[in-house]
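Going letter by letter, the sequence shown gives residues 709 to 808 in the working numbering.
Cβ atoms here follow ideal geometry from the backbone N, Cα and C, with glycine treated the same way.
Notes follow the structure.
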Amino acid sequence: MIISNVFAVVSLITATILGIFGQHLSYFLNDIIDGVNLSTYLTFITFISIALFIVVPILTFISKKVQKEMFVLYFIASVLIGIPVSFWSYFVWAMWMSGG
C-alpha cells in the first residue's frame with residue numbers, strides 16, 4: 709500500500725513539474741541532444757504530463773491497494789492541480805505549434 713501511495717504522489721509531482729516547466733525542459737533536452745526538433749520535445753513532455761494526471765487516479769482505482777479516502781484525495785488533487793497545469797501546458801504547446 710505504501711508503494712502505491714508513493715507512486716501516486718511522485719507521479720502527480722512529476723506531472724506538475726513537466727506541465728509547468730515543459731518549455732524549459734525542451735530547451736534543456738535540445739541542448740543535450742541537438743538532432744530532435746524543439747516542438748517534438750515539447751509535444752512529448754506536454755502529453756506525458758497530461759497523461760500522468762489522467763492515469764494516476766485510474767491506476768489507483770484499478771489497483772485497489774489504496775484506501776478509498778486516499779483514492780478520493782488523489783482524484784481531487786489530480787483534478788484541482790491537473791486542470792490548470794494541463795491548460796497551461798496545452799496553451800504553451802498550442803502557441804509553439806502556431807508559431808506564435
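I753 places its beta carbon less than 8 Å from that of G730. Around the beta carbon of Y782, a 10 Å sphere encloses 16 or more other beta carbons of the protein chains shown; the residue is thus reported as buried. With respect to the 8 Å criterion, S797 and L720 are not classified as neighbours on the basis of their beta carbons. Unbroken alpha helix (DSSP H) stretches of 4 residues or longer found wholly inside the stretch 734 to 777: 746 to 771, given in chain order. By the Cβ rule, the stretch 728 to 747 does not count as touching the stretch 760 to 776, because fewer than three pairs are nearer than 8 Å.
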